[in-house]
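Student:
Residue numbers (our numbering), protein chains in the order written: chain A, 11 to 120; chain B, 6 to 119.
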């Protein structure tokens with residue numbers, strides 16, 4: 011099956027700093043989504059981005075499908091950005107079986 | 006606009022018992038997927054329901070079964086509980102056939118098996 015690797019596994023930032031999270035996947039995919047799991051366990055969908063670039067406020071994401079990686083950029087980080095960021099991929103644009111990476115745990119210090 | 010709702014939020018069972026978890030999808034969504042998230046891990050796909058039928062299944066034993074009702078809500082049943090079934094169970098919904106089928110998750114049910 012498809013393998014998903016996220017890096018770094020852990021990241022500690024000072025409030026206001028920028029960061030880049032990476033997701034590598036082992037095979038071609040038609041579905042890629044980024045999620046943020048807050049400290050209370052709630053998973054929030056950040057982006058549906060099988061290819062190209064999208065921006066939403068301080069967050070942006072880029073997926074280069076031909077090279078099998080995706081990047082999540084967080085600018086001017088805030089303490090509320092803390093939590094675990096997951097990349098999830100699937101072979102079908104029909105969102106069914108998504109394969110999740112192990113996540114990047116982000117801690118933003120005030 | 007109600008999001009994905011799950012019940013109960015927490016549950017404690019003993020080995021060998023059976024459990025039923027419930028999920029109501031986000032308004033306008035017709036597809037429900039269930040995931041298991043062990044502590045410190047990413048969620049793992051259990052199965053997906055659409056039009057009241059199981060459409061896809063992950064690598065989980067037959068002890069895990071489900072159902073989808075005509076109003077699109079869903080249940081996850083786990084029989085003969087094992088200690089290893091302790092995890093956060095997440096329900097996610099989506100709208101099949103849209104250009105970008107973003108997955109929306111509920112807050113989960115934390116199951117502890119003693």
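Each residue gets a CB set at the ideal place from its N, CA and C atoms; glycine is no exception.
Quick caveat, the model's predicted, so the values are computed rather than measured.
1) Just how far apart, CA to CA, sit residue 119 of chain A and residue 56 of chain B?
2) Taking 8 Å as the limit between beta carbons, can you name the residues of its chain near residue 42 of chain B, skipping five residues before and five after?
3) Give the secondary structure of residue 85 of chain B by DSSP, where H, G and I count as helix, E and B as strand, and everything else as coil.
4) Do residue 119 of chain B and residue 17 of chain B count as a contact pair if the criterion is CB distance below 9 Å?
5) Please report the Cβ distance between residue 63 of chain A and residue 72 of chain A, rounded to the nearest whole angstrom; I am assuming they are in contact, meaning their Cβ atoms lie under 8 Å.
6) Within the same chain, show all residues whose beta-carbon is closer than 6 Å to that of residue 15 of chain B, passing over the 5 residues directly before and after it, in chain order.
7) Which one or two residues does DSSP pair with residue 62 of chain A in a beta bridge?
8) When you compare only the Cα positions, how much space is there between residue 97 of chain B and residue 9 of chain B?
9) Closest by CA to residue 101 of chain B, which one among B/90, B/77, B/64, B/88?
10) Which runs of the beta strand (DSSP E) spanning at least 3 residues fall entirely within the stretch 22 to 67 of chain B, listed in chain order?
11) Could you name the residues of the same chain whose beta carbon sits closer than 6 Å to that of residue 59 of chain B, not counting the 5 residues immediately before and after it, in chain order?
12) Can you name, in chain order, every residue of its own chain whose Cβ lies under 6 Å from the Cβ of residue 70 of chain B, other than the five neighbours on each side?
13) Taking only three categories from DSSP, how would you classify residue 91 of chain A?
14) Out of A/108, A/106, A/112, A/91, point me to the one whose CA is closest to residue 26 of chain A's CA.
15) Between residue 72 of chain B and residue 21 of chain B, what straight-line distance do the alpha-carbon atoms span, to the nearest angstrom?
16) Name the two residues that bound the continuous beta strand (DSSP E) containing residue 11 of chain B.
Tutor: Judging by the given coordinates:
1) 46 Å
2) 48, 49, 92, 93, 94, 95, 113
3) coil
4) yes
5) 5 Å
6) 115
7) A/73
8) 7 Å
9) B/77
10) 24 to 29, 36 to 42, 49 to 55, 58 to 62
11) 52
12) 82
13) helix
14) A/91
15) 21 Å
16) 10 to 12
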